[in-house]
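Report on one structure; see the data block that follows.
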Amino acid sequence: MKITTTTIDGLLIIEPRLFEDARGYFFESFSAREFEREVTDTRFVQDNESRSTRGVLRGLHVQRPPHAQAKLVRVILGRVLDVAVDARHGSPTFGRHLQVELSGDNKRQLFIPRGLAHGYVVLSDEAILQYKCDNYYEPASETGIRHDDPDLAIDWRLPPGLLLLSEKDKHLPRLRDLYNKE
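Numbering that gives the first Met the number 0 numbers the first residue of the sequence shown as 0 and each following residue consecutively.
Laid out in structure tokens, this is it:
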């Protein structure tokens, strides 16, 4: 497993070692032993799967403490633009974001530490995304950041008219207002 650090503390890009031959391929999508060499304080307790079609934008979601979640995200079918935003108040990289294309072809994974908001948009006709969480989902702790927050200026790679959001996601606050509402 190749683990690449990013400019945001704790945010990691993980690329598994792929074994291919005439029959297809094989890879370990997760190994606690290898993962814990780099991230020692994370133990996953829940796996989630999401299927979406082109233009669906989910996010940017984050859970407040004590129910904050770290996530290990991967795409098994299709292609998404995955985005993580540092929403940790007081962090030296607060407000910065990173975009990574995840796909069933490139097998990349993104480890998102607690306190970062997470979202993605589907770039292919369909995408199936799986992610591990280190804490259970708690609806009362859920919040997020608007996908079109002008302070973040995220390029979602699709025209705004093609983006499909839930009603809840359309009404999330801007990052600058996230802590003023709590």
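Using N, Cα and C, we set each Cβ at its ideal position, and we do this for glycine too.
Cα-Cα, which of the options is closest to residue i?
i	options	result
Tyr130	Pro149, Leu10, Ser49	Ser49
Gly114	Ala83, Arg57, Val44	Ala83
Trp155	Asn134, Phe25, Phe29, Val55	Val55
Arg217	Ile13, Arg57, Leu80, Leu162	There is no way to answer for residue 217, as the model of the chain reaches only from 0 to 181.
His117	Arg87, Phe34, Gly103	Arg87
Val38	Asp124, Tyr119, Leu109, Arg78	Leu109
Arg175	Ile2, Asp150, Leu71, Ile7	Asp150
Leu177	Thr41, Leu59, Leu71, Phe43	Leu59
Pro64	Glu141, Val79, Phe34	Glu141
Taking the beta carbon of residue i as the centre, do at least 16 other beta carbons fall within 10 Å, making it buried, or is it exposed?
i	result
Lys167	exposed
Ala126	buried
Asp46	exposed
Tyr136	exposed
Gly9	buried
Phe26	exposed
Thr6	exposed
Leu16	Reading off the sequence shown, one finds Arg at residue 16, where the question assumed Leu. So Arg16 counts as exposed.
Tyr119	buried
Check for me: the alpha helix (DSSP H) holding residue i runs from which residue to which?
i	result
Arg36	31-37
Leu174	174-177
Asp168	166-169
For the beta strand (DSSP E) holding residue i, just list the boundary residues, first then last.
i	result
Asp46	45-52
Asp40	Note, Asp40: premise wrong, no beta strand (DSSP E); not H, not E.
How long is the line joining the alpha carbons of residue i and residue j, rounded to whole angstroms?
i	j	result
Thr4	Arg107	13 angstroms
Tyr146	Lys169	Per the sequence shown, residue 146 should be read as His rather than Tyr. Their Cα atoms are separated by approximately 8 angstroms.
Asp148	Ala21	47 angstroms
Glu100	Asn134	25 angstroms
Arg95	Arg173	13 angstroms
Thr52	Phe29	26 angstroms
Leu11	Ile2	7 angstroms
Met0	Leu76	20 angstroms
Val44	Gly103	24 angstroms
Arg57	Ile111	15 angstroms
Asp40	Phe93	22 angstroms
Gly23	Val74	18 angstroms
Legend entry - Minimum length 3: unbroken beta strand (DSSP E) runs contained in the region 94-150: If we require 3 residues or more, the beta strand (DSSP E) runs fully inside the region 94-150 come out as 96-102, 108-111, 115-121, 125-132, 141-143.
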